[in-house]
Each structure stands twice: as structure tokens, then as C-alpha cells.
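**Q** Please see the structure below; I have some questions.
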Ligand SMILES: Cc1cc2nc3c(=O)[nH]c(=O)nc-3n(C[C@H](O)[C@H](O)[C@H](O)COP(=O)(O)OP(=O)(O)OC[C@H]3O[C@@H](n4cnc5c(N)ncnc54)[C@H](O)[C@@H]3O)c2cc1C
Ligand code: FES
Ligand code: FES
């Protein structure tokens, strides 16, 4: 009997935030705590000749200044490669630059002072003498033999390359009626979580215990990292992730600064706080994307997509990120190409290149926006070449809803998706025919509107083949401990974590339904390695699907325990009992037999009154790892309506639509807001967000005044609909939803802009689609039209 | 050298010696423990630090604590205690207009100021009033919805109060 | 992003302000709203040893209509510029500019005087006072003087203010009833500094433009008066032809910086588009 799963339950923990009672790491102050600030390389590449800390060490409030020689030996260097990325290289990384600096912002010294302000004062006094070298910042040429290296410790600038192909891909292109192609550039952008990265490392030399308060989405991963890299017993390391002010993948990577805070606390035996300020965030948080993709699509005369061929060059930092690498995004880009379509043949080439910029790595919707934008832009061109409309060509090529299971040309296995149903639903919502009429009428008045659509699949619920197989110590399983308190209330401690997406709420809903109680009676603890079982926590959209299933199964085990105990108490066969309304009831009639509080009371305070041999333990622990498909893919489609001011290049986002299928919806209120937030994180980089570097490798817009994040005025209202295709891999049937919005928003918007610009023959293939790029595209089109 | 500052914070007179370089945000957070005021950029660009100073929202990261001399400061903690934003909070909760919660107190300040000026703002006016409030999580729409709903409810309440008082006047 | 240490002092009169300023020659900074000083110190672009808070000086406060000018005190906050009925009536370009300046909360603190004294070339108000042909009232140890806006903005962040001098007010000549105004800008996001912006006013007699005053911002090191464009408009009715002439002549007026990220020709192109729009707004205004 399902009662609360599927309901728009509000988030209990939201009340604290609304009252200003969030507990973020950046709010934490511990006795004797020191504040850390890092002195950073001003140059993108060079050799450190000298670091003079004398004047700085005399500044008021300064307790200690570390350079590489004092700090690095405390920590085992880390290497960002994975075994299943064959041939991948990445030199080891240390907390502070040893002698080579690798990007503008690379930490070279660490200052510890009684306040952040005093540490900053001292940082200004540290004199760093660096012999600067020509940084590697360019595109494809950096991969040519003999090119200067971004990192002298690497053999070349090639971090990783791979090729995927089907045997018949060349034939498909040779026989195609049309081949459409384009070159795309996807700008570099970054997470800009509103709460910057924050850590308070607290080593207690007396007990040998290290507690790290860490604003992360993956506390268990960090427990393992800290134990191994600092040579501590895992049991002595506790990581606590309280409220986290946004994460989006950015807060699960290993960073020099967090490792530095831990090392300093180990050395000094006092709490060390490091909270990045916004300027530091821009030069130290991972960046994302930065891909040049050349794509081609082979199409039959009737619009059938036969094959795609893509070549993706992605530029990362001077080392690959740890522990998930900087190659995973490119790997997903080439594997997600064409994924929604029946397309039988494919060739995808990936080159991952080092350069002297901030490292890139996983950020919300890893690889998806790129694969989606390339595929959907080529589909649009294919439609044009074959005279189809955007809905028609997709209807022709999307995998039929009854054709599952299906294996994509890139090898992904799809259990069951609903592309055609989503397309049909989007059509109803958008009413493209009416939009076309309006578009034509407005054009006569010099107003250029356009709409675009984009189908997508999203990777969710990853199993151990994602990272574990490559040797990464990243848990694919999750764990929950569910117990009944003496009052009959329920407590669930679970390894998946909360960053505001509502994890705790959905876990309460799931557990509540297993135990026949209201979700208000279920309290949930997350984010502390000392009080919750170990697990993968939140990444790649696994919280609801894997965490939810873990909670469900744990809840059912507790239910069975309660029923067994109740059976003994009321002298009934447990099979004739069930839980409902906070009590054990007769399964057939629903008549109450015994309340949970009564069971709790007896089990806790009067176990002596129980029949001999009856197990009165009301705590269960359960761990669950995904089985069946390697991933549970989700799917959906998005639509975008825009108006382009062709005189200024400014784009107004008028409306956005999403039809999404994330399987069983546990909480529609939360799912919809995950999608909306995700869409805006896709529209940001499509129009505004870009880390701009000059030729010297300097980030020229690294502040919140210069880096343009999407704000309320510029963002559209977003209409959402759902199709529900539960996965059969789990009892719960839920898949992930966190990245769906981001996956296709930019692709739909790019198609919309190009639709608006169609009368001019202009076409954008680069993001962000800035006013100047739009004006450039209009000029280029004009030149082409007027060329003799 | 520290400077003595006299202000009223959330209704309570506060006298503290502060370093002139302390921002009002650092003063509230570090000295008074009012951590509901957040810092996201420390340069006026994100709105996480908004508080009411003499009734108007200001960036606590850009106001020096010493500039609050003689002023009245209200933070999310204070507005919560007085119940002044209880309806906004309820509507934010209903509409799930927050995820990580880091932007929320700033959003409440902007919303409160907007509704004080304009009881029934349009969606565009709401978005405009939030032009300096960054939220990475929600995509804004739920926040706009929650503010619009609060505006409607407040306007309706004022109207019915006015109607009631008109009735009493008529009766007299 | 914490501020470097400094000494904070309050001045109650201009005399006291100069005194405090001269004690630390070249190393003191006046503080009005602080919304430019504080972030620039947080970025450690600036580290004065002394901040002198001038917000308590009575003479810097108030908006009053005098004989033939509106006097707007330097401490008038952007929000008041936006809402004050006297400003709306007598200096509408300032009221029209204000909503484009930053965001609501910034406008609650930033002051007109601070904004003009800073003279950010991307700022709205300097162009508005230029177009309004306002005068800047300055007080210093040498006495008080009025400087026409055209002579106030000298170079990048450089004004006619001598070290230690205080901008006390802006005087906007009261406009004749026939004057029309328009203000607009092209910005990436609401409240951002503009890619290009313009403030314009014109006097019309029997449908003919007899006077025009147009200023651009975000086009160079200072706000720029578009003299050639003004000349192209005067003596003709506001028509498609005269607007086109004015747009064409902008090349003589503006010499925007050539930045690889924003080439000069694009800024000029946007300025032309904007001029067309601003003049069009004037036409449609009653
Ligand atoms: C996030 C953000 C966005 C912004 N966006 C915009 C925008 O879009 N457009 C825009 O125009 N501005 C913008 N601003 C700037 C804002 O308008 C500033 O507040 C204003 O420019 C300066 O005013 P203030 O009173 O804060 O000056 P302060 O910061 O106090 O002072 C600025 C400078 O002027 C000097 N000064 C101040 N008052 C006087 C005086 N009376 N006499 C002599 N010297 C004086 C100071 O010594 C200092 O050098 C923005 C600011 C922020 C933080
Ligand atoms: S912290 Fe004050 S505006 Fe961002
Ligand atoms: S809820 Fe996270 S920033 Fe707004």
C-alpha cells in the first residue's frame, strides 16, 4: 500500500533554512581554530625561484606559514587516473606547488592566522619569485608532437584518448543521401555554488582522531581519502557534511586547499578552517566543459538518421582531477552522442589535453549538455536537409517506446525509455503550429522569435562499473540503518546526503510507507560518517534511486521484525498482520491489534515480559548496490522559446518546457524544482557563463561581478510534465532526476536561437551565445549572402 | 584600533567594540553569532548577505559595522522571531522555493521590501526586485511564485480589513 | 576578501573633513555609501590608511528646488533619486537612470555624490548629469565652486575634484515644459553595467528640435557628449532622416576602446542602435 511515495511532501529541513538556522561549515567556529589563506601563483606556468615569507611571518595574528617543504611530506600525493581509461596519464599532485606552478591560482604557500583578515594581510606580504614560462592555453595544436608541455612531469599534453566505433560507420556515411556537419565550441564554466567550498579540519592529537567538517556531497569518499593520504586508520577519521550551500558535483573532488587544511591541523593539533572566498573559488573550484567538437551526421533521404561521427577535443587543467579524473566528462560526451535515436552506426573520438588552467572535472550533467547540443543541432540540420519539421524528424528517429531493451550505437543499454511519449506530450504543451503562425506574424514586424527542442537521455543510478571498475575507491552501494524508537517513532540513518534536493524528505516518505507511519514520524540523519553507514552518497543522480531503494529495503526488514514481534505479543501469525496508521493491524480487516508505541515500550522497557527467545531488536541495517543494468537511464525532451534582438544580439528567454521521465516519482514537488534548477544551470552556460582566459592563462573574469551567472530577470518560467516509466531493477522503481534539466536546456535554447535567426541564414555553434557572438554570426551570414 | 558601535539588532540594543574593517556581515556572524546572514561574494553581487538596515535591505558585506552606528538592524533571525515574514516563509516552504537555503535569507529581505512598496507585484516586478539575488539551486521560478502568493494574500487581507473598517464606519 | 586595516573617522563638517584628510596626505578616502570603496578594498585594489565618513555632514543632504535649479545633495541615495518627486519633475533623466543602476539593495546605500565623484565610465548618473547640463557643487579649503558637468569628468576615474575637496551637490537647471527626455542602455543582465548607454534631452518648438543634449556612457574613459549627433538633430524635426543622420555622425563623437572581447566597431554599432531607440522613445513620449 503506497501512501506517501508520490506525494508533494514539503521538506522538513527547509524550515530551519527559512528561519536562518542552517548549519553550514562556513558558520562553524571551534575553540582555538585557525584561519587558512593560500598564497597563489599569479602566473599560469613557471618555476618557483624563491618564496620569501619573512615579512609575512611578522604580521599580527600569524601563527604559521607553510611552504611545500613543510606541508607536502605530510600527505601522500594524489594521481587522477582510472585504470579503465587505458593509457591515461596524469602527474601526481601535491598540496602546494613544489617547484613548477601549473595554473594562475596554484597554491604555493599557506598562512595560518587568528582571523581570515589577518591571514589575508600576511598573504599580501609573501614575496613569490617565479620565473614565468609560456603557458599552454590553446586548442588542437597543443597536441602536436614537440608542442611545449603544460606540465613538465607529463610525457605530452595528451592526458587520454579513446575511440569508439561500429564496424559499418564508414559505409553509412558513404551511402547517406545527406551528410550534415558542424564544428562546435562549448565554453568553460564553473559551479559558483552560493556557499563556497568550506572545511574545518580538527585533529585531536590526544586521541589521534581527525574530524573534518566538510561541505561536500560525499563524506565517505573523503573519509577514505583522508585516511589513506594522511596515513590514518579509517576508523579514526570522521567526516561531517552538515548543510551544504550547493554542490552540483563541484564539491566531491579532492582540492589542494582541503588537503592543506587537514595537513595543517595534523601538524598544529588545532582546528583549521579554510573557506574559499569568491575570488579563490574561481581559480580553484573545478571548471567544467571546455570542448571543441566536430560532428557529422549521415541521413537518409527520408530523414532517417544513419550514423554520427564526432571528434571531441577537451582541454582540462595541467593535471587530471582526483579521484574521478578529468577524462570522465569527455568519455560521457562521446558515449551519449545520438543516444535517444535508433541510429545504428557511430564513430566517436575523444582527446583530453592538458593546459595551464584550472582543472576541469565533473559538474552537474557531466558531458550531457555537450552530447545533447551536438546531436540535437545536427538533427536540426538533418531536418532542414530533408525538409522535415523538428517534431517530425524526431518522431521518425527516436527509439520507439515498445522497442526495449535497446543498445545504443555507443554501447549503452536502455531498459525502457519513453522518448515518443515525451515528444507527443511536448507537442501538446508547446503547440508548435501556433508558434509558427505567431513567428511568421512577428517577423513581418521585425521581431525574431524561434523555438527549439532537444531530446535527451540521462545517466542515473550508476553501478560499480562507473568508477569502481577503474580502481577508484568510490562506493557504488549505499547503506541505511532504520530503527524504531521506544515511542514508535522511526529513525533512519543513511549514507546518501542532503544538499537541499530533498534527500531526507524522500527517504522519510519511503521509510514511512514501509512502516505504515506518517513521514513526520520518521527522522533522517545524513552526512556524518560516524553516525550513518558507509555508502556512495550523492553523485550522478543516485540519491533517490539507490538511496531510496536502500531505505525501502531496510524499512521492509524492520517491518518484518516488528510484525514478528507483534505476532508474539498478540499471538497471531505475523503473516496475518501488517503495519498501518502507526499500528500493527489485522491484514485482512485493518482492525488495530497493537500500536507501535506499545511494541516499543515492551521491547525497550519490558523485554522480560516477552515470550522466551523472541528477538526484540528493532534496528536493522541494510546495504544495497544496484543490480541489473549498469545504469538506469532516464529520458525526456525540452523546448525553448526565445526572442532575439537582431540589432543588439540580446536574447530574451520567453518560455521553457520539459517533459521528463525519471521513473517512479517519489515527490513531485521536489522533482519539479530539481528540473527547474537544472534547466537554469543549463541556460546559464548557454547564454552567460564563461570562464574567460587571456593568452597568458589569466582568468580575466574571476569574480561574481564579471562572471555572469543566470539571474531571476533573465530566466524564463519553466513548464514541466512527466511520463513515469519505473525501472524494474528495483522495488521502488525510481531513477535520478537531478541532471535532466541541465542536460538539454542549452541544446533546446541553441536550436531556438538558430530558429529565430533562420531568416538571416545565421547559425550559432558556440556557447555561451553572447550578444557579440550573435552579432558576429549575423554579420557572417550577411557576408555570405552578399558575397559575389 | 577598535571603535565602539551602538546599534539595535533584532530589537536588542547592542554595544560592541569592533575593528573598523569588519563588515556588518562579519560583525553579525562572528561577533553576534547571527549566522543566518550569509556571505557569497563579499562584493555586493549575490545578495546572500542582505539584512534590513533602518528598514531597507542593504548588503551587509558592503556596509561597515561602524556605519551601522545609531541604526536598526534586522536579520532573518529577528524577522523570524517577530513573525514579520512568517507568511513569506510559509509560502516559500509550500512552494519549495529553496534548496540549499544559502540564498534564502537574502531572498526574504528583498521580498519583504518589495511587498512593502508594491502589495501586488507582477511576476516581472518580482523578478526585477530579485535582480541582485543569486540563487544557484532553484531556477528562481518557485521563489517568484512564493512571493506572488504572499503578495496576493497580503493584499486580500488588507482589502478585507479595509472593507471591515468601512463597514464599521458606515455603521457609525 | 577581507578589507585591509584602516582608521575610521567621522566628519561633521566639511572643515573637519579636510582637516582629517590633510593629516594623512594622499592616504585618506572619503566614505559616502561605501559601495565602491568597500568592494574595492575587499578586492585589495585600494588600501587607504584612513576612511573619513562624510555621510553625517548636513550640507550634503536634501533635495530642494531653488530659483532656477534643483539642488540634489551628494548624500542622496540612488533609491531616493529614483523615487523623489522633485527629481522626477525637474531632473527626469536622473530618475530614469536610477532603475538601471545596480540592484535595489545597492540603491539603498549608494549615493549620487559618491557615484559622480568616482566617475566610473560605465556608470549611468555621470552621463545623465552631462545630458542634463547640470553643475557640480564642490566645496574645498579654497571655498565653494560650481563646475559644469562638461568640465567635471576629466579622465578614467578622474574628475575636477582636487584632493580633499568634497562634492556637495548637483544643480540641475529647471527644464522648460517643452523638454523631452529619454534614457536607455544595453546590458547583458538587469542591473549590470551597460555595454553602452545613453541619456538624452531635447527642446522642441513647433515640432522642430531647437536644442539637444546627448551623453553616452560605457564608451570610453569618461561619459561622452555626442556633439556631432546633437548638431545633426538641431534645426530639423525628429524624423527617420534626422535620426539616421545623428546615428551616422556618432563615429565623430565616440572613440570606444578596442578590446579583443568587445571590438570598438561593435560598441559603436550598439551606440547607434541605442541612439535610435532613445530618440524614438522621445518621440513617443507625450
Ligand atoms: C554590485 C554592485 C553593482 C553596481 N552596479 C552599478 C551600476 O550598474 N551602475 C552604477 O553607476 N554604479 C553601480 N555600482 C556602484 C554604486 O552605484 C556605488 O555605490 C556608487 O558608484 C558609489 O557611491 P557610494 O556612495 O557608495 O560611494 P563611496 O563608495 O562611498 O565612494 C566612492 C568614491 O567617491 C569618493 N566620494 C564619495 N563621496 C564623495 C563626495 N561627496 N565628495 C568627494 N568624494 C566622494 C570616495 O572617496 C570614493 O573614492 C555598483 C556597485 C556594486 C557594489
Ligand atoms: S555577500 Fe554580500 S552581496 Fe554577496
Ligand atoms: S537555494 Fe541554494 S542558492 Fe538558492
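Protein chains in written order, with the numbering used here: chain L, 200 to 987; chain X, 32 to 203; chain Z, 7 to 292. We treat Cβ as the ideally placed atom computed from N, Cα and C, and that holds for glycine. Given the structure is predicted, the values throughout are model-derived calculations rather than measurements.
I'd like to know whether the C-beta of residue 14 of chain Z is nearer than 9 Å to at least one C-beta of chain X.
**A** yes
**Q** From the DSSP secondary-structure annotation, give me the bridge partner or partners of residue 658 of chain L.
**A** L:832
**Q** If you follow the beta strand (DSSP E) that residue 386 of chain L is part of, which residue opens it and which one closes it?
**A** 377–389
**Q** From the DSSP output, in three-state form, read off residue 612 of chain L for me.
**A** strand
**Q** Ligand 3 and residue 166 of chain X: does any heavy atom of the ligand fall closer than 8 Å to the residue's C-beta?
**A** yes
**Q** Quick check on residue 982 of chain L: does DSSP put it in helix, strand or coil?
**A** Secondary structure at residue 982 of chain L: helix, using DSSP grouped into helix, strand and coil.
**Q** Cβ of residue 805 of chain L less than 9 Å from any chain X Cβ?
**A** Output row for residue 805 of chain L: interface = no.
**Q** Going along the chain, which residues put their C-beta within less than 6 Å of some heavy atom in ligand 2?
**A** X:70, X:71, X:72, X:73, X:75, X:76, X:77, X:78, X:79, X:80, X:90, X:92
**Q** Kindly indicate which three-state DSSP category residue 36 of chain Z falls into: helix, strand or coil?
**A** strand
**Q** So the candidates are L:479, L:633, L:523; which of them puts its Cα closest to the Cα of residue 666 of chain L?
**A** L:523
**Q** For the region 255–269 of chain Z, enumerate the residues whose C-beta is nearer than 9 Å to any C-beta of chain L, in chain order.
**A** 266, 267, 268, 269
**Q** By alpha-carbon positions, which one of L:297, L:820, L:358, L:325 ends up nearest to residue 256 of chain L?
**A** Checked all of L:297, L:820, L:358, L:325; the closest Cα to residue 256 of chain L is L:325.
**Q** Give the DSSP-derived three-state secondary structure of residue 46 of chain X in the structure shown.
**A** strand
**Q** Are there 16 or more other CB atoms within 10 angstroms of the CB of residue 71 of chain X, so buried, or fewer, so exposed?
**A** buried
**Q** Examine the Cβ distances between the region 825–840 of chain L and the region 752–761 of chain L and report whether three or more of them are shorter than 8 Å.
**A** no
**Q** Identify the residues that DSSP records as bridge partners of residue 189 of chain Z: which are they?
**A** Beta bridge pairing from DSSP links residue 189 of chain Z with Z:205.
**Q** Which one of Z:206, Z:215, Z:248, Z:238 has the shortest CA to CA distance from residue 284 of chain Z?
**A** Z:206
**Q** Give me the DSSP bridge partner(s) of residue 472 of chain L.
**A** L:234, L:399
**Q** Relative to the alpha-carbon of residue 424 of chain L, which residue among L:458, L:449, L:407, L:392 has its alpha-carbon at the smallest distance?
**A** L:458
**Q** Output yes if chain Z places a C-beta closer than 9 Å to the C-beta of residue 391 of chain L; else output no.
**A** no
**Q** If we count the other Cβ atoms within 10 Å of its Cβ and call it buried at 16 or more, is residue 913 of chain L buried or exposed?
**A** buried
**Q** Quick check: does the Cβ of residue 882 of chain L come within less than 8 Å of any heavy atom belonging to ligand 3?
**A** no
**Q** Quick one, which of L:891, L:672, L:790 has its alpha-carbon nearest residue 453 of chain L's?
**A** When each option's Cα is compared against that of residue 453 of chain L, the closest is L:672.
**Q** Which runs of the alpha helix (DSSP H) spanning at least 4 residues fall entirely within the region 59–123 of chain Z, listed in chain order?
**A** Entirely contained in the region 59–123 of chain Z, the alpha helix (DSSP H) runs reaching 4 residues are, in chain order, 84–89, 91–96, 98–103, 110–113.
**Q** Can you tell me the Cα-Cα spacing of residue 280 of chain Z and residue 101 of chain Z, whole angstroms?
**A** 19 Å
**Q** How close, in whole Å, do the beta carbons of residue 515 of chain L and residue 551 of chain L come, if the pair is a contact with beta carbons under 8 Å?
**A** 6 Å
**Q** Say yes only if the C-beta of residue 219 of chain L is nearer than 8 Å to one or more non-hydrogen atoms of ligand 3, and no if none qualify.
**A** Answer for residue 219 of chain L: no, Cβ out of range of ligand 3.
**Q** Since residue 55 of chain X meets chain Z, which of its residues come closer than 7 Å, beta carbon to beta carbon?
**A** Chain Z residues near residue 55 of chain X: none, gap ~10 Å exceeds 7 Å.
**Q** What three-state label does DSSP hand residue 621 of chain L in the structure shown?
**A** Residue state for residue 621 of chain L is assigned as helix, using DSSP reduced to three classes.
**Q** Please confirm whether residue 887 of chain L has its beta-carbon closer than 9 Å to some beta-carbon of chain Z.
**A** Cβ-Cβ to chain Z under 9 Å: yes for residue 887 of chain L.
**Q** Using a Cβ-Cβ cut-off of less than 7 Å, give me the residues of the region 470–496 of chain L that come near chain Z, in sequence order.
**A** 476, 477, 478
**Q** Output needed for residue 857 of chain L: all residues of its chain with C-beta closer than 7 Å, excluding positions within five of it in sequence on either side, in chain order.
**A** In chain order, 835, 837, 874, 878, 917, 919, 940 place their CB closer than 7 Å to the CB of residue 857 of chain L, counting only its own chain and leaving out the 5 sequence neighbours on each side.
**Q** Could you spell out where the beta strand (DSSP E) holding residue 38 of chain X opens and where it closes?
**A** 34–40
**Q** Run the CB neighbour count on residue 643 of chain L, radius 10 Å, all protein chains shown included, and call it buried at 16 or more, exposed below.
**A** exposed
**Q** Does the region 597–610 of chain L come close enough to the region 530–539 of chain L that 3 or more CB-CB pairs lie under 8 Å?
**A** In this structure the region 530–539 of chain L touches the region 597–610 of chain L; the number of beta carbon pairs closer than 8 Å is three or more.
**Q** Is the beta carbon of residue 57 of chain Z less than 9 Å from the beta carbon of residue 37 of chain Z?
**A** Yes; because the gap between Cβ atoms is below 9 Å, this pair is in contact.
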